[in-house]
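Trainee:
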Amino acid sequence: GSQARTSRSDPTPFPLCLRDEASAQPHVGFLTHHRSDHVPLMTSVSARRVVEDVQELAREIPDGTRFGVPDENSLSEFTAVIRGFEGSVYETGQFHLSITLPRPENRRDLEYPDVPPKVAFTTPVYHPNVYKDGKICWELLEGKGWNSSIGFKGLLFHLQTFLENPNAESPANQEAARLWQTYEKVKRLRMEDRLGEATHEERREARQFKRKVLECCSDSWISNLSRDPRFNRAERIFGEMTDDGNTGESGCGDGALTGSGASLPGPPPLKIHKL
Numbered sequence: 313g314s315q316a317r318t319s320r321s322d323p324t325p326f327p328l329c330l331r332d333e334a335s336a337q338p339h340v341g342f343l344t345h346h347r348s349d350h351v352p353l354m355t356s357v358s359a360r361r362v363v364e365d366v367q368e369l370a371r372e373i374p375d376g377t378r379f380g381v382p383d384e385n386s387l388s389e390f391t392a393v394i395r396g397f398e399g400s401v402y403e404t405g406q407f408h409l410s411i412t413l414p415r416p417e418n419r420r421d422l423e424y425p426d427v428p429p430k431v432a433f434t435t436p437v438y439h440p441n442v443y444k445d446g447k448i449c450w451e452l453l454e455g456k457g458w459n460s461s462i463g464f465k466g467l468l469f470h471l472q473t474f475l476e477n478p479n480a481e482s483p484a485n486q487e488a489a490r491l492w493q494t495y496e497k498v499k500r501l502r503m504e505d506r507l508g509e510a511t512h513e514e515r516r517e518a519r520q521f522k523r524k525v526l527e528c529c530s531d532s533w534i535s536n537l538s539r540d541p542r543f544n545r546a547e548r549i550f551g552e553m554t555d556d557g558n559t560g561e562s563g564c565g566d567g568a569l570t571g572s573g574a575s576l577p578g579p580p581p582l583k584i585h586k587l
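Just so we're aligned, residue 313 is where the sequence shown starts under this note's numbering, counting upward by one.
Right, dumping it as structure tokens:
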């Protein structure tokens, strides 16, 4: 169980690095035990837990996610990509994140898994609980609700759930929170065949929220989605939003997509393959 995973105390040191082999899954940069002079020896329980978590992802990773180990000499810096769940307004996105495991000052040991990782988006995302610099306002990452059994696999799934379940009561982006609430109201009225009860302004704001979410899409994942059936859905959504309410404004800051030739910062390097 989770307690056993965090309480092992085998003192035998082992270095860690990446390997590419047929048995490793293509969605994760695979960590393995491998003797190498340039990789630091790791002896802590936290380090061993990190290796176990990464190896678990190599065996089974949540649908619509990727995980990367950009530096084989580091056990505290990782990258990930998540897609929104199908049917959500974020479903056509591939959102890149940085994952950093906290380390107490002047200490070599990690605080993980007792303390949650520090996670931030490295590609733009328009969301009520995400600041414009990518930092996330979320109780789980602040320690509330976090427990050592969640691990990397659980974290990826929770991040996907976070995308479509904002907390508008504690927003990082006030505008996004307001527009999201209107969007959810209009969506509910549409599902109940009561769309006529939505005001013109509410419909405009719902379209505005959807547009700003989709504008936070980098060229890197747009090209991938062109081979994805869901891309046609995104094009249809864009088509639905070309009427009134188009302010031309983006929720993604200076790097937002504002025209067909615009580009966003590319994703961080990942030693992983496509979803």
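Quick reminder that beta carbons are idealized off the backbone N, C-alpha and C, glycines included.
The alpha helix (DSSP H) that contains Gly466, what's its start and end?
Mentor: 463-476
Trainee: Where Ile411 and Phe397 are concerned, what is the direct C-alpha to C-alpha distance, given to the nearest angstrom?
Mentor: 20 Å
Trainee: Under the three-state reduction of DSSP, which class applies to Ser358: helix, strand or coil?
Mentor: helix
Trainee: Just verifying my parser: in three-state terms, what is the DSSP assignment at Ala568?
Mentor: Confidence at Ala568 is low in this model, with a pLDDT of 32, below 50, so the placement of that residue should be treated as unreliable; the coordinate-derived value is given next. Coil.
Trainee: Taking the C-alpha atoms as reference points, what is the distance between Glu496 and Gly405?
Mentor: 19 Å
Trainee: Residues in its own chain within less than 6 Å of Phe464 by CB, not counting five upstream and five downstream?
Mentor: Asp365, Leu369
Trainee: Under 8 Å, do Tyr402 and Leu475 count as touching if we go by C-beta distance?
Mentor: Yes.
Trainee: Below 7 Å CB to CB, which residues in the same chain sit around Arg515 once its five sequence neighbours on both sides are set aside?
Mentor: Same-chain partners within the cutoff: Val498.
Trainee: Give me the residue from Ala518, Arg490, Asn485, Gln486 with the minimum Cα distance to Leu501.
Mentor: Ala518
Trainee: Within 8 Å of any Cβ in chain B, is that where the Cβ of Thr435 sits?
Mentor: Chain labels in this structure do not include chain B; a single protein chain is all it has.
Trainee: Using beta-carbon positions only, say whether Leu409 and Leu422 come within less than 8 Å of one another.
Mentor: no
Trainee: By the 10 Å Cβ neighbour count, where 16 or more other Cβ atoms means buried, how is Thr473 classified, buried or exposed?
Mentor: exposed
Trainee: Out of Asp383, Val381, Leu526, Leu471, which one is the CA nearest neighbour of Pro267?
Mentor: Residue 267 lies beyond the stretch modelled for the chain, which goes from 313 to 587, so this question has no answer here.
Trainee: Have a look at Glu451, Gly399, Gly466, Tyr424 and flag the residue whose alpha-carbon is nearest the alpha-carbon of Arg378.
Mentor: Gly466
Trainee: Below 8 Å between beta carbons: does that hold for Asn485 and Pro436?
Mentor: no
Trainee: May I ask you to report which of helix, strand or coil DSSP gives Thr404?
Mentor: coil
Trainee: Hey, which unbroken runs of the beta strand (DSSP E) at 3 residues or more fall wholly within the segment 367-449?
Mentor: 377-380, 389-395, 406-412, 430-433
Trainee: When the Cα atoms are used, what is the spatial distance from Asn479 to Ala488?
Mentor: 11 Å
Trainee: Just the C-alpha distance for Glu451 and Lys430, rounded to the nearest angstrom, thanks.
Mentor: Using only the alpha carbons, I get a separation of about 12 Å.
Trainee: Go ahead and pull the three-state DSSP assignment for Glu527.
Mentor: helix
Trainee: Count the other CB atoms within 10 Å of the CB of Ser358; is the residue buried (16 or more) or exposed (fewer)?
Mentor: buried
Trainee: Rounded to the nearest angstrom, how far is the Cβ of Pro374 from that of Leu468, given a contact under 8 Å?
Mentor: Between Pro374 and Leu468 a beta carbon distance of about 5 Å is seen, short of the 8 Å cut, so the two are scored as contacting.
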